[in-house]
Amino acid sequence: MKLILAMAKKEFLQLRRDPRLIGFILFFPVLLMILFGLALKLEPENVRMAYVDNDQSLFSNLIKTSIWSEGYFTLYEVDNEAAIIRDIQLGKARAGLFISSTFSAALFENSQPSVQMYVDGTMPSLATAMDNNKHSITDDSVTNDMYFLDPDADNVVIPPDPFVLDVEVLFNPDKKETWFFLPGVVGVLIMQVSLILTATAVVREKENNTLEQLIASPLSKTGFIAGKILPYVIIAFIDFYLILLLGAWLFDLPFPATNQGPLFLLALAYVAGLIALGVAISTISQTQQQAIFLSIFFLIPSILLSGFIFPVEAMPGYIQPVSWLLPFTYFVEIIRGLLLKGNSMSDLVVDYLALLGFATVFTWLSIVRFRKYLD
Amino acid sequence: MTASLSVNDLTKRFGDVSAVDHLDLELYPGQIFGLLGPNAAGKTTTIRMLAGIIRPTSGSAVVLGMDLIREINAIKSRIGYVAQHFALYPELTVSENLAFYSSLYRSVPRARQAAMLEQYNLAQFADRYAGRLSGGYKRRLSIVCAISHDPELVFLDEPTAGIDPVTRKELWDVFYDLAAAGKTLFVTTHYMEEAERCHRLSFLSQGHRVAYGTPDEIRGMLDHMHVYSFTSNHNPRMVAALARLQGVKVINRFGLTTRLVVDANLSREELERFLDEWPVIDGKPVEESISLEDVFITLTGNMPA
């Protein structure tokens with residue numbers, strides 16, 4: 016027992032001599048805890064819904080108001096039904112509502128018209144929540160005023176709902192969770208390989224004392240970094256295609272031949288950004304422990320705040336900027352667009368630019384931070 | 002002879018501490034230059050500045066005719082550097098380590114690599130992981146990796162620290178071979194017997210150069226002094242009394258032997274009379290020839306490690 020305590024005491028002492036690591040250990044959990052506590056909700060909120068109301072009646076307004084007051088959706092108007100689907104494809108909206116011009120006329124005739132609702136199937140949590148909640152739109156408080164039965168009729172039957180809500184799930188009609196998660200999983204795995212491997216690879220040269228030997232050689236700074244990261248770039252690319260092909264083979268994940276160019280560019284921009292970030296982390300870390308801790312600090316918010324699991328729209332407005340600072344957010348958007356929604360590159364140009372921007376900034380950071388001298 | 006390395010007013014400060022303070026040195030081809038000093042004297046800092054690993058705070062140096070600061074990249078391909086710690090990749094084999102370091106310089110033919118492993122007695126371990134070598138062989142491999150590209154100037158930071166005497170002697174044979182081939186060697190050490198083997202050397206103490214020259218020139222610094230030794234059991238009171246004796250500069254005790262450096266203020270007769278008063282003495286003081294260690298301790302007041 017005494018020996019255990021002696022060992023533990025030594026371990027604590029060692030930890031105390033690494034103030035940076037202590038900072039990470041205390042600061043990051045607190046920060047992440049607050050961040051996630053505020054941000055993570057499975058129930059969607061403020062989801063943008065594009066609508067077309069061709070009826071423009073008291074009744075169609077009633078439906079819109081009821082949807083609005085649910086609190087899940089922020090409604091905005093578009094021109095026609097095609098525009099709804101297009102906006103969902105582009106990620107401008109996650110849901111859509113179409114009320115046809117004959118809606119109120121059909122209500123008067125008791126012919127039970129339908130209201131068309133669209134949901135982005137690449138976000139199953141959203142689609143599922145919609146399924147669970149669609150009854151609230153058709154519940155009594157809304158429909159009470161929509162019955163036009165003759166109260167004096169002989170046979171008082173229990174009326175059917177005055178209208179039905181048709182929910183169509185776009186881009187992933189079966190709401191396959193694997194389809195939803197797999198494209199993002201690709202990104203998580205690539206992130207592990209490129210970030211953690213590169214972050215520790217450079218620090219390992221420091222710990223091995225080999226960095227000093229390399230600095231004394233004619234190897235240039237660029238030569239060092241480029242040579243150092245090349246293997247991890249190759250590994251990351253192999254992983255990228257391996258996982259996508261496995262996904263296609265095992266889980267029928269779409270792997271559209273037409274989008275190979277954009278997919279390659281995605282892998283390139285994403286891997287470049289992460290590997291450059293890995294090198295940057297490596298240059299600020301003194302030990303592999305620190306490097307791994309920093310990488311994980313980046314990994315966890317990437318997974319939780321990127322829209323990979325929880326929709327970004329559902330997060331409070333002041334948290335969303337954090338999501339926009341994570342390359343993975345754009346990766347998820349692009350890869351779902353390419354594989355599931357059939358987006359073209361021009362649809363995703365903003366996301367691509369964001370990824371390239373990260374790659375540029377992180378590369379610049381790692382070159383600035385990497386010193387040719389040890390002091 | 003033109004100097005292969007001349008150091009001019011070189012200074013390195015870490016915060017308020019001057020690790021190396023206005024250092025001047027000249028090294029010549031075909032010679033082994035030894036930089037001596039106790040731990041923290043600034044030896045490693047000096048060698049690291051000259052190998053382009055850290056930057057001097059001020060001062061300059063001309064390395065193989067090139068400016069240390071401006072032409073560091075060109076310098077690096079013509080020098081070799083063996084760090085104090087083994088800078089090997091433990092998970093690579095001996096020959097893979099050598100192949101890697103060789104490839105950082107203008108191409109070193111495979112045949113030369115193999116010949117060097119042979120020459121340094123490493124061929125038998127060519128396929129062994131570097132991490133599994135004994136200390137002595139790790140050191141040999143570090144040296145082979147640093148000189149495979151045939152540098153004109155080789156920096157060796159404590160190349161024999163922690164090495165057994167036989168291997169140490171073998172390493173020094175290597176150094177002499179390199180010097181005989183016209184290379185310049187810059188070696189740091191705190192072994193005094195190694196200092197004797199250098200062609201020229203300098204003592205460093207707290208970043209200052211306190212002695213500089215050939216071993217004979219440095220011994221000449223104590224020309225006006227005498228060194229005596231005598232055997233005795235340990236007696237702190239006698240040592241304290243000795244220290245109060247006028248003319249005693251250094252008392253260096255090692256086991257039963259006490260070695261004294263005395264100046265002209267103390268004659269041999271006076272010393273003998275003093276020693277007669279102490280019953281613990283077995284024998285008369287013997288005059289010794291001056292060693293580098295005597296000079297070193299006299300100049301720095303420090304015991305070499």
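As they're listed, the protein sequences go chains A and L.
The opening position of the first sequence corresponds to residue 16 in the working numbering, with each subsequent residue numbered one higher.
The opening position of the second sequence corresponds to residue 2 in the working numbering, with each subsequent residue numbered one higher.
Glycine included, each C-beta is placed from N, C-alpha and C at the ideal position.
query, result
"Host beta strand (DSSP E) of GLN85 of chain L (start-end)", "Counting along the chain, GLN85 of chain L falls outside any beta strand (DSSP E), and DSSP gives it neither H nor E."
"Beta-carbon proximity check, THR94 of chain L vs ASP128 of chain L, cutoff 8 Å", "yes"
"Residue nearest to LEU172 of chain L in terms of C-alpha spacing, selected from L:GLY256, L:ARG140, L:ASP158 and L:PHE187", "L:ARG140"
"Inter-stretch contact (C-beta, 8 Å, three-pair minimum) for the segment 260 to 276 of chain A and the segment 177 to 184 of chain A", "no"
"According to DSSP, residues forming a beta bridge with ARG14 of chain L", "L:SER19"
"Start and end residues, alpha helix (DSSP H) containing LEU380 of chain A", "364 to 384"
"Cα-Cα separation, THR378 of chain A to ALA295 of chain A", "8 Å"
"Beta-carbon contacts of ASN98 of chain L that lie in its chain and below 8 Å, excluding the five residues immediately before and after", "LEU89, TYR90, ALA131, LEU142 and CYS146"
"Per-residue burial, MET22 of chain A [other beta carbons within 10 Å of its own, 16 or more giving buried]", "exposed"
"Cβ neighbour criterion (16 or more within 10 Å) applied to ILE290 of chain A", "buried"
"Alpha carbon of SER119 of chain A to alpha carbon of LEU283 of chain A, nearest angstrom", "53 Å"
"Residues sharing a beta bridge with GLY242 of chain A, DSSP", "The partner list for GLY242 of chain A (beta bridge, DSSP) is empty, contrary to what the question assumes."
"Rounded straight-line distance, which links the Cα of LYS243 of chain A to that of LEU278 of chain A", "25 Å"
"GLY136 of chain A CB to nearest heavy atom of the ligand MG below 7 Å", "Among the ligands in the structure shown, none appear at all, so the ligand MG cannot be discussed."
"GLU72 of chain L - DSSP class collapsed to helix/strand/coil", "coil"
"Alpha-carbon spacing of LEU24 of chain L relative to ARG210 of chain L, whole angstroms", "6 Å"
"Outcome for MET304 of chain L when other beta-carbon atoms lying within 10 angstroms are tallied against a minimum of 16", "In this predicted model, MET304 of chain L has a pLDDT of only 46, less than 50, meaning its place in the structure is not dependable; the value taken from the coordinates is given anyway. Looking at its Cβ environment, which holds fewer than 16 other Cβ atoms inside 10 Å, MET304 of chain L is exposed."
"Candidates A:ALA231, A:SER300 and A:ARG101: closest to LYS77 of chain L by CA position", "A:ALA231"
"Chain A contact residues for SER78 of chain L, given Cβ-Cβ distances below 7 Å", "PRO233"
"Pair within 8 Å by beta-carbon distance, GLY1 of chain L and ASP10 of chain L", "This structure gives no information on residue 1 of chain L, because the portion of chain L shown stretches from 2 to 306."
"TYR229 of chain L in three-state terms, based on DSSP", "strand"
"C-alpha distance - ARG236 of chain A paired with SER149 of chain L, whole-angstrom precision", "Here residue 236 of chain A is Lys; the residue named in the question, Arg, does not match the sequence. Roughly 22 Å separates the two Cα atoms."
"Under 8 Å between C-beta atoms of ARG289 of chain L and SER230 of chain L", "The question names Arg, but residue 289 of chain L in the sequence shown is Glu. Closer than 8 Å, so yes."
"Close Cβ partners of ARG351 of chain A (< 7 Å) along its chain, the five nearest in sequence each way excluded", "THR137 and PRO198"
"Nearest-angstrom beta carbon gap, VAL347 of chain A and GLU335 of chain A [assumed within contact, 8 Å]", "Going by the sequence as given, residue 335 of chain A is Gln instead of Glu. Rounded, the Cβ-Cβ distance is 14 Å, inconsistent with contact."
"Chain-ordered chain A contacts of ILE144 of chain L [CB-CB under 8 Å]", "By Cβ distance, chain A contributes nothing, its closest Cβ being about 12 Å from ILE144 of chain L, past 8 Å."
"Distance between beta carbons of ARG63 of chain A and TYR91 of chain A, contact taken as under 8 Å", "7 Å"
"Chain-ordered chain L contacts of LEU245 of chain A [CB-CB under 8 Å]", "The contacting residues do not exist; LEU245 of chain A stays about 14 Å from chain L at best."
"Per-residue burial, THR259 of chain L [other beta carbons within 10 Å of its own, 16 or more giving buried]", "buried"
"Which listed residue (A:LEU18, A:ASP94, A:ASP189 and A:LEU340) has its alpha carbon closest to that of SER140 of chain A", "A:ASP189"
"N- and C-terminal bounds of the alpha helix (DSSP H) containing VAL93 of chain A", "Note, VAL93 of chain A: premise wrong, no alpha helix (DSSP H); not H, not E."
"The segment 366 to 381 of chain A contacting the segment 23 to 40 of chain L, beta-carbon criterion three pairs below 8 Å", "no"
"Contact set between LEU141 of chain A and chain L, taken where Cβ atoms lie within less than 7 Å", "Those within 7 Å of LEU141 of chain A in chain L number zero; the least Cβ separation is about 48 Å."
"Chain-ordered chain L contacts of TYR388 of chain A [CB-CB under 7 Å]", "ILE54, ILE55 and ARG56"
"Minimum Cβ-Cβ distance from THR225 of chain A to chain L less than 8 Å", "yes"
"Cβ-Cβ distance between VAL130 of chain A and ILE78 of chain A below 8 Å", "yes"
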